[in-house]
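So for the sequence shown, numbering that gives the first Met the number 0 puts the first residue at 0; every next one is plus one. Where a beta carbon is used, it is the ideal one built from N, C-alpha and C, also for glycine. Bear in mind the structure is a predicted one, so any value in this text is a computation, not a measurement.
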Amino acid sequence: MTTPAPNPTIRRLDVASPVPADIDIANAVEPLHIADIAAELGVPPEHYDLYGKYKAKVLLSVLDKLQGQQDGYYVVVGGITPTPLGEGKSTTTVGLCQALGAFLDKKVVTCVRQPSQGPTFGIKGGAAGGGYSQVIPMDEFNLHMTGDIHAITAANNLLAAAIDTRIFHEASQSDKALFNRLCPANKEGKRRFADVMLRRLIKLGISKTDPDELTPEEVRRFARLDIDPASITWRRVMDVNDRFLRKITVGQGPEEKGMVRETGFDISVASEIMAVLALTTSLADMRERLGRMVIGNSKAGEPVTADDLGLGGALTVLMKDAIHPTLMQTLEGTPVLVHAGPFANIAHGNSSIVADKIALKLVGKGGFVVTEAGFGADIGTEKFMDIKCRYSGLTPQCAIIVATIRALKMHGGGPDVVAGKPLDHAYVSENVALVEAGCVNLAKHISNTKGYGVNVVVAINKFATDTDAEMEVVKKAAMAAGAFDAVVCSHHAHGGKGAVDLGVAVQRACESQAEPLKFLYPLDSSIKEKIESIAKFYGASGVEYSEQAEKQIEMYTKQGFSNLPICMAKTQYSFSHVPSMKGQCLVSLQGPASMKSTSTRPPAKSWVCHELRWAPFLGWWSCAVAQLNRQCAVSILGTFPEAE
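Written out as structure tokens, the structure reads:
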């Protein structure tokens, strides 16, 4: 399966045709011990913790060691508007890095998100890439990894439990009883405020630090959050696609005294704690962000935060290991940092800032860090630029847009592409006119991305049924739309060797980049101005606000949140808010219909353009279940000679 290479961690793949199943390719390669990958990358043993043989947590302390090191080139991978099957952004990201590291002799790190177990067991399957461009071990990458998502689940649900518990106790106790429980006297009869309580006192404008000096009115204000149950936005989470938990009723036990309310479960990666993890820059920064998360409003209309509930520190302790990125490897032995996993349609859809910062220092001047932004460039790359780069202070030199003939045919008017169903004949036979018609979608993504001031390289992800004539049409359309270059890639079939031309184009694009990063909108513009800037970016002719949205804009502006960037929640299957609208759509967005609460400070405020699922559902059969059943048959039954 592999042949030796000059670099001790680089493997040359012996590829087969036709391309075997992803899991067969992954299982045929013996991963290197992760300590070898770390050593080649320049991470000393004191700056990582091993999680078995093939994973390690890279500690943030390595940034102090590398403080004087110059950053490498920074590349983001986005895509055209995808079909439900995906167009190979993860595969392209991995394949490009294998090309840069294994064939072009560049120091490179791949930075990707951790997959959610929900979609992994759904019809989508895992997110390790595909073919001969994968992160390995695939099963460890797709399932559990180092437990970061489980930590998020625990922290999120602790906060959810605390919200209902606080409402319950405030309804049944006097001000004095609440205060005595929040601030009990010690054995000497003395009371003291915990640090998190002092934060609440400052928020309330109370300068006293001795609990015994508070007036009865100050005791009431301190002890009672007076949460409005109807305003609570914080829901419980689990990393499973369980559709029957989307809407539930809690508080039906006899001991809850009739305090019943409707709530529900989201998928774990939709938790705001995941967004905080992805955008944090240090442990101290994460502590502040977690404490500022808004869970709802008081009955007086004031935002209630995790610190008001006294949980900012506890959440940080639960997340203290999750803040460190996980080091893994590709099939060809190049390093990968896996960290955070917010979805791009409902959150900002990018891996963590800390992973990118560590990677840029590790590769140094002339090296490359390649990171993937979720879904199409209209949402993933936009949020990478306007949210992630705004808070990281990092500037990309190149943006890649992954395109496929299949998706372009769909945008050109081809039949629907439905996950789990065979492709229509139009997608496996030559139709240049259909491809040409669909290139309007590609052109819009190119012009949008170029507006940020970066060089755009189009990666045409080649499938076996694509023809030279179809790919030539795409190359010409990309160059006419202003792309720096457009390159056909075969990394799925050939690994890094199939993305060498892409690697050369990306290197040229990075070396010639000189413009500063241009954001889509300034932070000091109003909420409406920001929303309308993004809507125009989508190609919308205008925005119509619902009555609910108007009220929320007024409330959040009054609460001081208007200086945050906007995180738009919308379908990934269209430029518009309607998944069935293909190509380049000029529409009037209805909404936002609602606003999902996020941090009082960064990351952002999320606006929902239309009804979205915050907890996906399972299909009747799972891609991952099929692969894992197959893996068990090979690796477990295969140990018994008599098994058939």
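Would you please state the rounded distance, in angstroms, between the beta carbons of residue i and residue j? I believe it to be under 8 Å.
i: residue 383; j: residue 72; result: About 15 Å; that fails the 8 Å criterion.
i: residue 205; j: residue 166; result: Their Cβ separation, rounded to whole angstroms, is 23 Å, which puts residue 205 and residue 166 out of contact at 8 Å.
i: residue 351; j: residue 115; result: With a Cβ gap of about 15 Å, residue 351 and residue 115 do not count as contacting.
i: residue 137; j: residue 25; result: 4 Å
i: residue 109; j: residue 332; result: Their Cβ separation, rounded to whole angstroms, is 12 Å, which puts residue 109 and residue 332 out of contact at 8 Å.
i: residue 311; j: residue 290; result: 3 Å
i: residue 494; j: residue 47; result: That belief does not hold up - the Cβ atoms of residue 494 and residue 47 are roughly 26 Å apart, past 8 Å.
i: residue 448; j: residue 398; result: 5 Å
i: residue 450; j: residue 515; result: With a Cβ gap of about 13 Å, residue 450 and residue 515 do not count as contacting.
i: residue 413; j: residue 423; result: 7 Å
i: residue 78; j: residue 88; result: 5 Å
i: residue 233; j: residue 157; result: Contact doesn't hold; Cβ gap of about 11 Å is too wide.
i: residue 446; j: residue 476; result: Rounded, the Cβ-Cβ distance is 12 Å, inconsistent with contact.
i: residue 330; j: residue 135; result: 6 Å
What is the rounded straight-line gap between the Cα of residue i and the Cα of residue j?
i: residue 263; j: residue 433; result: 43 Å
i: residue 645; j: residue 210; result: The chain is shown from 0 up to 643; residue 645 falls before or after that span and cannot be answered.
i: residue 651; j: residue 222; result: Only positions 0 to 643 of the chain appear in this structure, which leaves residue 651 out of reach.
i: residue 207; j: residue 30; result: 59 Å
i: residue 556; j: residue 50; result: 45 Å
i: residue 415; j: residue 562; result: 41 Å
i: residue 133; j: residue 127; result: 5 Å
i: residue 375; j: residue 459; result: 14 Å
i: residue 483; j: residue 442; result: 13 Å
i: residue 456; j: residue 75; result: 10 Å
i: residue 96; j: residue 59; result: 23 Å
i: residue 552; j: residue 532; result: 16 Å
i: residue 500; j: residue 84; result: 25 Å
i: residue 171; j: residue 347; result: 40 Å
i: residue 183; j: residue 195; result: 15 Å
i: residue 510; j: residue 102; result: 19 Å
i: residue 201; j: residue 253; result: 38 Å
i: residue 275; j: residue 419; result: 34 Å
i: residue 462; j: residue 403; result: 8 Å
i: residue 293; j: residue 306; result: 9 Å
i: residue 506; j: residue 440; result: 26 Å
i: residue 518; j: residue 560; result: 19 Å
i: residue 468; j: residue 431; result: 7 Å
Using C-beta distances below 6 Å, list every residue in its chain close to residue i, excluding the 5 sequence neighbours before and after it, in chain order.
i: residue 273; result: 151, 341
i: residue 6; result: none
i: residue 589; result: Only weak support exists for where residue 589 lies, its pLDDT of 37 falling under 50; the value from the coordinates is given anyway. Correct list, in chain order: 543.
i: residue 466; result: 429
i: residue 620; result: In this prediction, residue 620 has a pLDDT of 45, which is less than 50 and means its spatial position is unreliable; nothing more can be read from the coordinates.
i: residue 512; result: 396, 454
i: residue 470; result: 459, 487
i: residue 186; result: none
i: residue 228; result: 260
i: residue 394; result: 516
Sorted by chain position, which residues of the same chain lie with C-beta nearer than 7 Å to residue i's C-beta, five sequence neighbours on each side aside?
i: residue 478; result: 485
i: residue 497; result: 94, 488, 489, 490
i: residue 363; result: 68, 69, 71, 106
i: residue 113; result: 144, 147, 148, 337, 338, 339, 340
i: residue 153; result: 317
i: residue 99; result: 105, 107, 367, 502
i: residue 117; result: 238, 239, 240, 266, 615
i: residue 643; result: Because residue 643 carries a pLDDT of 29, less than 50, the predicted location of this residue cannot be relied on, and the following value inherits that uncertainty. Excluding positions up to five away in sequence, the list is empty.
Taking 7 Å as the cut-off, is the beta-carbon of residue i closer than that to any non-hydrogen atom of the ligand NAP?
i: residue 532; result: This structure lacks the ligand NAP, and indeed carries no ligand of any kind.
In chain order, what residues of the same chain lie with their CB nearer than 8 Å to the CB of residue i, ignoring the 5 residues before and after it?
i: residue 41; result: 361
i: residue 259; result: 248, 249, 250, 251
i: residue 218; result: 174, 175, 178
i: residue 299; result: 225
i: residue 39; result: 6, 7, 8, 334
i: residue 325; result: 50, 54, 55, 56, 57, 113, 144, 145, 147, 336, 337, 338
i: residue 282; result: 59, 315, 319, 322
Report task. Please go through the segment 392 to 441 and give each complete beta strand (DSSP E) segment of 3 or more residues, from N-terminal end onward. Result -> Within the segment 392 to 441, the complete beta strand (DSSP E) segments of 3 residues or longer fall at 397 to 402, listed in chain order.
Query raised in the report: Okay, do the segment 410 to 430 and the segment 357 to 374 touch, 3+ Cβ pairs below 8 Å being the bar?
Result: Contact check between the segment 410 to 430 and the segment 357 to 374: fewer than three CB pairs, one atom from each, fall below 8 Å, which does not count as touching.
Query raised in the report: Can you list, in chain order, the stretches of the beta strand (DSSP E) that have 3 or more residues and sit fully within the segment 272 to 310?
Result: Considered as a whole, the segment 272 to 310 harbours 293 to 296, 302 to 304 as its complete beta strand (DSSP E) runs of no fewer than 3 residues, in chain order.
Query raised in the report: Which whole runs of the beta strand (DSSP E) in the segment 97 to 126 are 3 residues long or more, in chain order?
Result: Listed in chain order, the complete beta strand (DSSP E) runs (minimum 3 residues) inside the segment 97 to 126 are 107 to 111.
Report task. Tell me, please, whether the segment 247 to 259 touches the segment 304 to 318 by the rule of three or more beta-carbon pairs shorter than 8 Å. Result -> They do not touch, by the three-pair rule.
**Report entry** Inside the segment 141 to 218 only - beta strand (DSSP E) runs reaching at least 3 residues
**Finding:** Whole beta strand (DSSP E) segments, 3+ residues: zero.
Requested in this report: Identify every run of the alpha helix (DSSP H) within the segment 35 to 95, keeping only runs that are complete inside it and at least 4 residues long; order them along the chain.
Outcome: With a minimum length of 4 residues, the continuous alpha helix (DSSP H) runs that stay inside the segment 35 to 95 are 61 to 64.
Query raised in the report: At which residue ranges does the segment 497 to 547 contain complete alpha helix (DSSP H) runs of 4 or more residues, listed in the order of the chain?
Result: The segment 497 to 547 is shown to contain whole alpha helix (DSSP H) runs of 4 or more residues at 499 to 510, 526 to 537, in chain order.
Query raised in the report: Could you give the uninterrupted runs of the beta strand (DSSP E) lying entirely in the segment 341 to 391, keeping only those of 3 residues or more?
Result: Here the runs fully enclosed are 367 to 371.
**Report entry** Any 3 or more C-beta pairs closer than 8 Å across the segment 406 to 414 and the segment 525 to 539
**Finding:** Short answer: they don't touch.
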